[in-house]
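Comments concern the structure below.
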Amino acid sequence: MNKPLRRIAIFCGLLVLTLLLRDNWLQYVKADSLREDTANRRVTIARYSTPRGDIIVDGSPITGSTASSSSGLNDLKYKRTYKNGPMWAPVTGFASQAFGATQLENLEDGILTGNDDRLFFRNTLDMITGKQKSGGNVVTTLNAAAQKAAYNGLKSQGGKGAVVALDPSTGKILALASYPSYDPSAFAGTSDTDATAWKKLQKTYNPNDPMLNRALRETYPPGSTFKVVTASAALENGLYNSADQATNSPLPYVMPGTTTELKNEGNIPCKNATMRIALQYSCNTVFGKIGADLGNAKMLAEAKKFGFDAQQFTPVRSSASVFSNDMNQSQTALSSIGQYNTAATPLQMAMVASAVANDGKLMKPYMIDKLQSPGLDTISQTDPQELSQPLTSSNAQILQSMMETVVKDGTGKNAQINGVTVGGKTGTAQHGVENSENPYAWFISYAKLPDGSKPVAVAVVIEDDQANRDDISGGGLAAPIAKSVMEAVINSKK
Numbered sequence: 013m014n015k016p017l018r019r020i021a022i023f024c025g026l027l028v029l030t031l032l033l034r035d036n037w038l039q040y041v042k043a044d045s046l047r048e049d050t051a052n053r054r055v056t057i058a059r060y061s062t063p064r065g066d067i068i069v070d071g072s073p074i075t076g077s078t079a080s081s082s083s084g085l086n087d088l089k090y091k092r093t094y095k096n097g098p099m100w101a102p103v104t105g106f107a108s109q110a111f112g113a114t115q116l117e118n119l120e121d122g123i124l125t126g127n128d129d130r131l132f133f134r135n136t137l138d139m140i141t142g143k144q145k146s147g148g149n150v151v152t153t154l155n156a157a158a159q160k161a162a163y164n165g166l167k168s169q170g171g172k173g174a175v176v177a178l179d180p181s182t183g184k185i186l187a188l189a190s191y192p193s194y195d196p197s198a199f200a201g202t203s204d205t206d207a208t209a210w211k212k213l214q215k216t217y218n219p220n221d222p223m224l225n226r227a228l229r230e231t232y233p234p235g236s237t238f239k240v241v242t243a244s245a246a247l248e249n250g251l252y253n254s255a256d257q258a259t260n261s262p263l264p265y266v267m268p269g270t271t272t273e274l275k276n277e278g279n280i281p282c283k284n285a286t287m288r289i290a291l292q293y294s295c296n297t298v299f300g301k302i303g304a305d306l307g308n309a310k311m312l313a314e315a316k317k318f319g320f321d322a323q324q325f326t327p328v329r330s331s332a333s334v335f336s337n338d339m340n341q342s343q344t345a346l347s348s349i350g351q352y353n354t355a356a357t358p359l360q361m362a363m364v365a366s367a368v369a370n371d372g373k374l375m376k377p378y379m380i381d382k383l384q385s386p387g388l389d390t391i392s393q394t395d396p397q398e399l400s401q402p403l404t405s406s407n408a409q410i411l412q413s414m415m416e417t418v419v420k421d422g423t424g425k426n427a428q429i430n431g432v433t434v435g436g437k438t439g440t441a442q443h444g445v446e447n448s449e450n451p452y453a454w455f456i457s458y459a460k461l462p463d464g465s466k467p468v469a470v471a472v473v474i475e476d477d478q479a480n481r482d483d484i485s486g487g488g489l490a491a492p493i494a495k496s497v498m499e500a501v502i503n504s505k506k
């Protein structure tokens, strides 16, 4: 072969090699990212080519699929439907032909569409037998009665808010409600009607932001409910050793390094009060001074044990709650009563109540019990997992007795349940510059049955811009909702 022909042959060989390398790069290295790229129309076609599997609560589906008639797009054969969509939206998220998917609909899309690699053998068998491919199911930990009580309770208040209920012994999420909410069915297709519904739900057009998952993504100043964390820090660090030991709490109390008095709400018995009395009457002076005496580092360490300063994955992501570092004593005092920079999601405060109820052991919160194949075989099962131990069993029991006093004789009487021991803590958190806006009403609680079991812990937050400021309190607005949720869980176990 002469030299020019040899050069052309080598060049052509290099071109073929390059094409082979490129082809292998696309087919093997980039295959997953290309398959999952939202700009890839095939992803959407595959998602809606067959009926999606269902999201299950208490053995029944809260989702469905129906034949699509959106805008004549024949390649999108099915669209998603929802039962009681607004009530379940914070759990399911949405699956929309036009706007994508969120939350469980997105995170478990592979199972629901049947495209997950774990369904390979099932799909292969269906292909051989000629059976239509179908999606698997996501079985949740949710309790339908508790969710209904939570959502209806929030709706009856007419403002905004959220509820989270947990099983303290496992971390199972029993209720996850946010209000106002939205119906995911309203924009599941691609029609002009769907587009209009989507537009109306955006924060730009709806300042109430119904698509915000307030239970997981919104952080609020927790107010006096955070005093449970401060009491735990006092016990764990040996500052006080019992609920009934007098504290070193002068009245008035001037915050360190300032000339500013930390005020209490009304004329309540806070001078040198025991922690039990201080929690019963919600004494800012007692718990503010505890925080200042312990210092920022010890308070931060205890808050982190409860889950502060870390995102939670349920598997839906929850925003990180905040307890700041590098605060001086007066700032730490304010943060220790749930003000200043302290901020918490409703999930976080449910975790606080849950850890106390579970004798000091905090379980990782989760809402997926198991994933099922189309044939209802279990693909994966979630096992309860301990997240941390914020306080010892003995100290947790001391704190339980204090929280039970709050409900029996203090500000949480509206959460009392006949025949059930309830522990709780109210909170009315300041909001706005110099407390200029209506405060947030909080209540955290747990229920203890006569056999000693504690099947549920709850956190409720209410934000109502229209209410009379003097009518806003955790005991008045939030505690009745927590009571109804706890009753729903208890009754469902009978």
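If you're matching positions, the sequence shown starts at 13 in the working numbering and goes up one per residue.
Note that CB positions come from ideal geometry on N, CA and C, so glycine has one too.
Hey, out of the options, whose CA is closest to residue i's CA?
i, options, result
"Gly436", "Tyr452, Arg64, Asn430 and Lys460", "Lys460"
"Leu263", "Leu247, Gly122, Cys295 and Ala107", "Cys295"
"Leu228", "Leu359, Gly303, Thr237 and Ala427", "Leu359"
"Gly488", "Ser348, Asn426, Glu499 and Asp129", "Asn426"
"Tyr458", "Val240, Val55 and Phe335", "Val240"
"Asp321", "Lys167, Tyr293, Asn353 and Ile349", "Asn353"
"Leu403", "Ile280, Asn503, Asn253 and Leu154", "Asn253"
"Gly105", "Val364, Asp87, Glu416 and Ala200", "Ala200"
"Pro219", "Thr202, Asp206, Ser193 and Asn340", "Ser193"
"Asp66", "Thr231, Ala315, Pro386 and Ala157", "Pro386"
"Met414", "Arg288, Asn340 and Ala198", "Arg288"
"Asp421", "Gln384, Tyr293, Gln412 and Met339", "Tyr293"
"Thr286", "Leu17, Gln169, Asn337 and Thr417", "Thr417"
"Met363", "Met339, Val328, Asn340 and Gln324", "Gln324"
"Ile280", "Trp210, Ala290 and Ala157", "Ala290"
"Asp395", "Leu388, Leu383 and Ser406", "Leu383"
"Ala101", "Asn225, Gly431, Ser348 and Arg329", "Asn225"
"Tyr191", "Ser342, Thr271, Asp221 and Thr202", "Asp221"
Taking the CB atoms as reference points, tell me whether residue i and residue j lie closer together than 7 angstroms.
i, j, result
"Leu213", "Val103", "no"
"Lys91", "Gln109", "yes"
"Arg54", "Gly147", "no"
"Glu475", "Gly235", "no"
"Ala304", "Ala243", "no"
"Arg59", "Thr125", "yes"
"Ser400", "Lys317", "yes"
"Pro233", "Gly97", "no"
"Asn155", "Ser496", "no"
"Met361", "Thr326", "no"
"Ala408", "Gly372", "yes"
"Gln169", "Val328", "no"
"Leu178", "Ser348", "no"
Could you tell me the distance, in whole angstroms, from the CA atom of residue i to the CA atom of residue j?
i, j, result
"Ala246", "Gly269", "22 angstroms"
"Thr438", "Ile456", "7 angstroms"
"Ala21", "Trp37", "24 angstroms"
"Gln397", "Val150", "19 angstroms"
"Ser465", "Asn370", "9 angstroms"
"Ser180", "Arg130", "Going by the sequence as given, residue 180 is Pro instead of Ser. Their Cα atoms are separated by approximately 31 angstroms."
"Val368", "Pro467", "13 angstroms"
"Gly278", "Gly424", "17 angstroms"
"Lys376", "Tyr265", "38 angstroms"
"Lys167", "Gly112", "28 angstroms"
"Phe335", "Ile68", "36 angstroms"
"Thr237", "Val472", "10 angstroms"
"Thr259", "Lys301", "10 angstroms"
"Asn447", "Ala355", "The pLDDT assigned to Asn447 is 47, lower than 50, so where the model puts this residue is not dependable; a value taken from the coordinates is nonetheless given after this. Straight-line Cα distance between these residues: approximately 15 angstroms."
"Ser406", "Ala255", "11 angstroms"
"Lys506", "Asn284", "44 angstroms"
"Glu453", "Asn340", "The amino acid at residue 453 is misidentified as Glu; the sequence shows Ala. Distance between the alpha carbons of Ala453 and Asn340 is about 27 angstroms."
"Ile123", "Leu32", "33 angstroms"
"Ser331", "Ser61", "34 angstroms"
"Pro462", "Gly431", "7 angstroms"
"Glu117", "Ile410", "42 angstroms"
"Ala500", "Gln428", "14 angstroms"
If you reduce the DSSP assignment to three classes, tell me which class residue i lands in.
i, result
"Asn149", "strand"
"Met223", "coil"
"Thr237", "helix"
"Leu274", "strand"
"Arg481", "Low confidence applies to Arg481: its pLDDT is 35, below 50, so where it sits in the model is not reliable, and the reading given next is rough at best. Arg481: helix per DSSP, three-state reduction."
"Ile280", "coil"
"Phe199", "helix"
"Leu154", "coil"
"Arg229", "coil"
"Glu475", "strand"
"Met363", "helix"
For the ligand ZN, is there a heavy atom less than 6 angstroms away from the beta-carbon of residue i?
i, result
"Ala161", "With respect to the ligand ZN, the structure shown offers nothing to examine, as it has no ligands at all."
Quiz item: Mind pulling the beta strand (DSSP E) runs of 3 or more residues that sit fully within the segment 379 to 464?
Solution: Runs of beta strand (DSSP E) with 3 or more residues, each lying fully within the segment 379 to 464, are found at 380 to 384, 390 to 393, 398 to 400, 433 to 443 and 449 to 460, listed in chain order.
Practice problem: Jot down the residue ranges of each uninterrupted alpha helix (DSSP H) in the segment 53 to 113, minimum 4 residues, whole runs only, in chain order. | Solution: List check, alpha helix (DSSP H) in window: 53 to 59 and 97 to 104.
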